[in-house]
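First comes the structure, then the notes that go with it.
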Amino acid sequence: MVVTESIRLRNYLFNYPVNRPRRLRSNVLIRNMVAETMLRPDDFVMPIFVREDINEPEPIKSLPGQYRWPLNDKLINFVDQLVSSGIRSVILFGIPEHKDEWGSSAYDEHGIIQRTIKFLKDSFEDKLIVMADVCLCEYTDHGHCGVVKKLPDGRYIVDNDSTIELYAKTAVTYAESGVDVVAPSGMMDGQVKAIREALDRAGFNDVVIMAYSAKYASSFYGPFREAAASAPKFGDRRSYQMDPRNAHEALKEVAMDINEGADIVMVKPAMLYLDVIRLVKQNFPEVPLAAYQVSGEYAMLKAAIMNGWLDEKRAILESLIAIRRAGADLIITYFAKDVVNYLDEIERLF
Ligand code: PBG
210 MVVTESIRLR NYLFNYPVNR PRRLRSNVLI RNMVAETMLR PDDFVMPIFV REDINEPEPI
270 KSLPGQYRWP LNDKLINFVD QLVSSGIRSV ILFGIPEHKD EWGSSAYDEH GIIQRTIKFL
330 KDSFEDKLIV MADVCLCEYT DHGHCGVVKK LPDGRYIVDN DSTIELYAKT AVTYAESGVD
390 VVAPSGMMDG QVKAIREALD RAGFNDVVIM AYSAKYASSF YGPFREAAAS APKFGDRRSY
450 QMDPRNAHEA LKEVAMDINE GADIVMVKPA MLYLDVIRLV KQNFPEVPLA AYQVSGEYAM
510 LKAAIMNGWL DEKRAILESL IAIRRAGADL IITYFAKDVV NYLDEIERLF
């Protein structure tokens, strides 16, 4: 999408009295002809939770319509449905049986995500892009995204440099399992560089890095943490995730990630950070930009829809159009699986 800088000039033109903007809204064909923003199935990434110790899909209470999936044919059937309805990529989150201080299940070569990647790549080959989130919060018993250390003064911190080594190790095991894209989400400094170097050293030059570059310390991750049982047991994530009061800081994070080797950058959450999406796209138009419509944004819309307070298709489509219009190239959204089935209705509903 093209972001125009000439708004002042345009306003000037629109001020001519002969201009009547309503002409271009008078019927559906004209509206479609001049519509700037499109949604395609290829733009969407569907998040999937895979849980180690279950045999049946488990509904997630705070995310109506979403499930924790077992690693068996039920998952394959679900992904098969996604693929046949036009979804081209999924991002995996694991819920392991075993959690410990070091998050060791994250980099276990037989871990839940490693096995899921193999299973999906064997079943779908090049019909599906398999992405995997790289973080420790689902794997540590304390729920933090990295290694927790006690300082001499008694305070606890999440240690940056020992954590990024574990991210790199995790990413390599995902690559060995056949992953297409790794997505570091822990917001540690230098995580992209550590992962890129480790992947290249192991010969995985083609594995793409999608960096959660501007990830905010948001209360809108609540339902996800319930789904993945990954809420921190003490403290919070404000010492590593970004402060919601800062927009320009996102540019620094994005620039650093690009410099460290990120192929795709991300802003997260999406709906509450449209200004940040726009800012990043304007400053780095050449880098593909992802936006994550997070669990709380899904839950909020879903709750209003289930109460009959919002029109389902129009509200969901409008939320996704807004994210694209702001400048996102791809959208990670829990609505992906449903919305691909009615994308063609945009031309009738708008
Ligand atoms: C893992 C991770 C989180 C989300 C994506 N990756 C949780 C968190 O940072 O607490 C949240 C996604 C969502 O809310 O949908 N670090």
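According to the working numbering, the sequence shown is numbered sequentially starting from 210.
Every residue, glycine too, gets a C-beta built ideally from N, C-alpha and C.
Nearest chain B C-beta to D252 closer than 8 angstroms, yes or no?
Chain labels in this structure do not include chain B; a single protein chain is all it has.
Around the C-beta of S235, are 16 or more other C-beta atoms found within 10 angstroms, so that it is buried, or is it exposed?
Per the 10 Å Cβ criterion, exposed.
With respect to the alpha helix (DSSP H) encompassing M419, which residues constitute its N-terminal and C-terminal limits?
Looking at the DSSP string, M419 is not in any alpha helix (DSSP H); the run it does join, the beta strand (DSSP E), is 417–424.
K507, enclosing beta strand (DSSP E) - first and last residue:
Sequence check: residue 507 is Tyr here, not Lys. For Y507, no beta strand (DSSP E) segment is defined; the enclosing uninterrupted segment is the alpha helix (DSSP H) at 504–515.
Return the bridge partner residues of E589 from the DSSP annotation.
Residue 589 is absent from the model: the chain starts at 210 and stops at 559.
For P441, collect the residues of the same chain with a Cβ closer than 7 angstroms to its Cβ; drop the 5 residues on either side in sequence, then sort them by chain order.
Its chain contains H351, G352, H353 as the residues whose beta carbon lies nearer than 7 angstroms to that of P441, once the 5 sequence neighbours on both sides are disregarded; these appear in chain order.
Relative to the C-alpha of P279, which residue among S293, V288, S271, N264 is closest?
Out of S293, V288, S271, N264, N264 has the C-alpha closest to the C-alpha of P279.
Shorter than 7 angstroms, the distance from the beta carbon of Y383 to the closest heavy atom of the ligand PBG, or not?
Not so, every heavy atom of the ligand PBG lies at least 7 angstroms from the Cβ.
For the candidate residues E267, I239, P432, Y425, whose alpha-carbon lies nearest to that of N455?
Of the candidates E267, I239, P432, Y425, the one whose C-alpha sits nearest the C-alpha of N455 is Y425.
What residue range does the beta strand (DSSP E) around P393 cover?
Segment 390–393, the beta strand (DSSP E) holding P393.
Where the beta strand (DSSP E) containing F258 begins and where it ends
Residues 253–260.
Helix, strand or coil for A384? Go by DSSP, reduced to three states.
The three-state reading of DSSP puts A384 in helix, counting H, G and I together.
Check whether the Cβ of S439 sits closer than 7 angstroms to any heavy atom of the ligand PBG, and report yes or no.
At a cut-off of 7 angstroms, the beta-carbon of S439 counts as near the ligand PBG: some heavy atom of the ligand is closer than that.
Looking only at C-alpha atoms, which of F559, K522, H307 sits nearest to N550?
Closest by C-alpha distance to N550, out of F559, K522, H307, is K522.
Any idea what DSSP makes of I321, helix, strand or coil?
DSSP places I321 in helix when its eight states are reduced to three.
Could you tell me the distance, in whole angstroms, from the CA atom of S154 to the CA atom of H319?
The structure shown does not extend to residue 154, since the chain is modelled only from 210 to 559, so the question has no answer here.
Mind pulling the beta strand (DSSP E) runs of 3 or more residues that sit fully within the segment 288–344?
When DSSP assignments are scanned along the segment 288–344, the uninterrupted stretches of beta strand (DSSP E) that are 3 or more residues long and fall wholly within it turn out to be 298–304, 338–343.
Would you report the Cα separation of F443 and L291, rounded to the nearest angstrom?
When rounded, the separation of the alpha-carbon atoms in F443 and L291 is 37 angstroms.
For L510, count the other beta carbons within 10 Å of its own beta carbon; 16 or more makes it buried, fewer makes it exposed. Which is it?
Around the CB of L510, 16 or more other CB atoms lie within 10 Å, so the residue is classed as buried.
DSSP beta-bridge partners of V356
Partner(s): D368.
In whole angstroms, what separates the C-alpha of G399 from that of G387?
Roughly 24 angstroms separates the two Cα atoms.
Euclidean distance between Cα positions of K378 and D389:
When rounded, the separation of the alpha-carbon atoms in K378 and D389 is 16 angstroms.
With C-beta atoms as the reference, is G312 less than 8 angstroms away from Y348?
One thing to note: G312 has its Cβ within 8 angstroms of the Cβ of Y348.
Mapping the DSSP letters down to three states, classify Y482 as helix, strand or coil.
Y482 sits in a helix when the DSSP states are folded into three classes.
Compute the distance between the beta-carbons of K402 and G470, then report whether it is under 8 angstroms.
Between K402 and G470, the CB-CB gap stays under 8 angstroms.
Helix, strand or coil: how does DSSP classify K477 here?
It is a strand residue.
Should D262 go down as buried or exposed, given a rule of 16 or more other Cβ atoms within 10 Å for buried?
It counts as exposed.
Straight-line CA distance for L248 to D538?
Note on geometry: alpha-carbon atoms of L248 and D538 lie some 10 angstroms from one another.
Straight-line CA distance for R410 to I404?
R410 and I404 have their C-alpha atoms some 10 angstroms from each other.
In the structure shown, what three-state DSSP assignment does A438 receive?
Look at A438 here: in three-state DSSP terms it is coil, with no helix or strand label.
Distance, Cα to Cα, P361 vs D368?
Note on geometry: alpha-carbon atoms of P361 and D368 lie some 14 angstroms from one another.
Under the three-state DSSP convention, the category T349 falls into
Correct three-state label for T349: strand.
Find the nearest neighbour of G204 within the set L337, A244, D317, judged by alpha-carbon distance.
Nothing can be reported for residue 204, as the shown portion of the chain is limited to 210 through 559.
Look at the alpha carbon of R534 and the alpha carbon of E245, and state the distance between them as a whole number of angstroms.
So the two alpha carbons sit approximately 8 angstroms from each other.
When V416, L301, L272, A499 are compared against F429, the one with the closest alpha-carbon:
Distance check between F429 and each of V416, L301, L272, A499 places L272 closest, using alpha-carbon atoms only.
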